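Just so we're aligned: 211 in this note's numbering is position 209 of the sequence shown, and the numbers increase by one with no gaps anywhere. Just so it is clear, CB atoms sit at the ideal spot from N, CA and C, and this is done for glycine as well. Remember, it's a predicted structure, so these values are computed and weren't measured experimentally.
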Amino acid sequence: MKKVLVVDDEIEMLNSLKKILTIRDEYDLRFEQDSVIASEILGNEKFDLVITDLKMKNVSGIDIVKTALQNNPTSVVIVISGYGTIEASVEAVKNGAFDFIEKPFTSKKLFECIDRALKKTDEKLVLVTNGIDHNELEGIIYKSSKMAELMESVKRVAENNMNVLITGESGTGKELIARAIHKISKSTLDPFVPVNCGALPEHLFESELFGHEKGAFTGAVKTKPGLLEFANNGTFFFDEIGDMTQTLQIKLLRMLEEKKIRRVGGQKEIDIDVRIIAATNQNLEVEVAEKRFRQDLFYRLNTFSLEVPPLRERKDDIIPLVCSFMKELCDKNSRTIKRFSPEAEEALLNYQWPGNVRELKNIIGRSFFLCSSDVIQLSDLPANLVNKTVTIDKNVLSLNFKDAKDALLEKFEIEYITHYLKINNGNISKTADECGLDRRSIHRLINKYNIVYQSKEIN
């Protein structure tokens with residue numbers, strides 16, 4: 003059961019919150035009207051969630067936020083703000099508050115905020131204890147079902163010394179998959195040698211791959227073993243195998259068939275026992291059909307194939323990856339852990355990530371160094387990440403027409419009435435006039451959606 007502390011120096015508001023929160027028998031609740039005592043309690047006890055009013059006598063809501071997080075970094079704090087206190091509420095979020103709720107608000111909105119906050123509590127807890135809710139295989143962080151299936155295939159293929167072809171978009175982590183296969187199947191002393199097939203011109207690539215004898219070409223002043231020799235008894239990883247030239251494809255095929263290589267300029271054949279893992283972001287079957295890649299080499303490499311899904315198809319992995327990258331940055335730079343505001347986190351989840359995990363890691367690093375506070379806001383993210391398109395919730399789209407219409411109508415009525423209550427400082431008569439409704443209709447909507455406000459603010 004989650005421990006929750008509620009702080010408000012207005013007894014009427016505190017009682018309203020108590021009435022709402024006790025509806026759910028899910029929390030270990032504690033209510034405190036005196037902000038000084040609340041601050042002392044937070045210095046001695048740990049709470050999963052703190053709900054505090056912003057403007058209070060003696061100790062402000064911002065000070066409550068600071069005290070709560072200073073004594074328990076895994077806590078989350080929700081700030082309740084009155085009319086005209088948006089700037090102060092934003093300041094509270096910058097000081098570490100999870101979110102703020104503006105009066106008036108509904109019990110539904112409060113519970114939605116609490117649910118998000120407690121989910122964040124769990125994420126912060128496992129992050130601080132170095133065990134965020136995720137799975138990990140040889141340094142690969144994942145939570146999604148797609149990656150779980152892939153990791154099961156990785157374990158299976160690692161048990162056999164067969165060649166593997168890994169496909170997937172750029173930035174999905176194909177080399178990490180290759181390294182995981184190697185680590186599971188080989189001794190830690192066995193070599194893992196990676197090479198990018200498009201990184202070197204053909205004449206240099208052949209020499210690097212197969213080695214050369216002294217005097218084989220201008221500048222070959224001594225004999226040099228090739229990378230394949232260094233990989234003997236281990237794993238050789240060909241990244242972007244689709245970029246390999248036809249000439250080198252023939253020589254690689256011969257090595258796979260005969261398990262032997264010959265250095266450039268040499269006559270002696272050298273035995274090679276190496277596992278080949280290749281990766282590509284191209285469709286090699288299309289490349290074969292268009293005669294750009296040898297069919298016989300494709301069959302040799304494609305003994306077992308693995309496809310790494312793009313990040314946009316496994317969004318359950320985003321938050322665990324974000325937490326992992328953030329912790330790595332904090333440890334490396336001796337900095338306190340930063341978190342993302344709900345809006346920034348939502349932007350990360352909604353973005354399509356064309357650059358996949360590599361792009362995500364770069365964005366997290368950029369935000370970490372550019373953000374001056376402990377909370378990374380939407381404004382700290384690159385503009386292209388911010389999705390400004392208004393969309394209907396997927397859960398609503400799954401409903402039949404009548405239920406979907408009712409759900410959208412409820413959302414509209416709540417936002418519309420709370421908007422006018424807010425700008426009129428809770429004055430029912432003014433709100434009714436501006437909405438074109440009578441006072442009775444306003445009261446009916448307030449009661450229908452259990453909209454919370456302070457009666458002292460209503461004339």
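Going by DSSP, what residues sit across from residue i in a beta bridge?
i, result
"G1", "Outside the displayed span of the chain (3 to 461) sits residue 1, for which this structure offers no information."
"I272", "I263"
"N31", "Checking the sequence shown, residue 31 turns out to be Leu, not Asn. Answer by DSSP bridge pairing, in chain order: V6."
"A281", "I168"
"I142", "L139"
"L308", "I168"
"V454", "F107"
"F342", "I378"
"V195", "F238"
Would you mind sorting residue i into buried or exposed? The rule is 16 or more other CB atoms within 10 Å of its CB.
i, result
"D11", "buried"
"P203", "exposed"
"P106", "buried"
"Y353", "buried"
"K224", "exposed"
"E151", "exposed"
"D241", "buried"
"L191", "exposed"
"K390", "Because the pLDDT at K390 is just 44, under 50, the model does not fix this residue reliably, and the value given afterwards should be weighed accordingly. It is exposed - the Cβ of K390 has fewer than 16 other Cβ atoms within 10 Å."
"G200", "exposed"
"K59", "exposed"
"D382", "buried"
"F342", "buried"
"T54", "buried"
"T249", "exposed"
"Y144", "buried"
By how many angstroms is the C-alpha of residue j removed from the C-alpha of residue i?
i, j, result
"A280", "S155", "16 Å"
"I39", "E47", "12 Å"
"I186", "V79", "43 Å"
"G221", "L206", "12 Å"
"K226", "Q251", "21 Å"
"D27", "E104", "25 Å"
"I448", "I339", "40 Å"
"K262", "E330", "42 Å"
"N97", "K68", "7 Å"
"L178", "F239", "11 Å"
"H184", "F33", "56 Å"
"R294", "R316", "32 Å"
"N402", "D408", "10 Å"
"S431", "F370", "48 Å"
"T282", "G236", "21 Å"
"S37", "S109", "23 Å"
"D376", "F327", "15 Å"
"A434", "S400", "34 Å"
"I278", "P384", "39 Å"
"E271", "R264", "5 Å"
"P193", "L230", "10 Å"
"E436", "D319", "46 Å"
"S146", "P322", "10 Å"
"S336", "C325", "16 Å"
"N358", "I82", "37 Å"
"I274", "N234", "6 Å"
"L387", "G175", "21 Å"
Comparing the C-beta of residue i with each C-beta of chain C, is any distance below 7 Å?
i, result
"E417", "Among the chains of the structure shown, chain C does not appear; only one protein chain is present."
Entirely within the stretch 373-442 and at least 4 residues each: give me those alpha helix (DSSP H) ranges in chain order. 396-399, 403-425 and 430-437
Three or more C-beta pairs below 8 Å linking the stretch 285-293 and the stretch 109-122: no
Counting Cβ pairs closer than 8 Å, one from the stretch 50-66 and one from the stretch 88-98, do we hit at least three? yes
Which runs of the alpha helix (DSSP H) spanning at least 4 residues fall entirely within the stretch 44-119, listed in chain order? Whole alpha helix (DSSP H) segments, 4+ residues: 63-73 and 88-96.
Contact between the stretch 294-307 and the stretch 159-166 is defined here as three or more beta-carbon pairs at a separation below 8 Å; is this criterion met? yes
Check whether the stretch 400-413 and the stretch 430-448 touch, using three or more Cβ-Cβ pairs below 8 Å as the test. no
Counting pairs of Cβ atoms below 8 Å between the stretch 206-216 and the stretch 168-177, do you hit three or more? no
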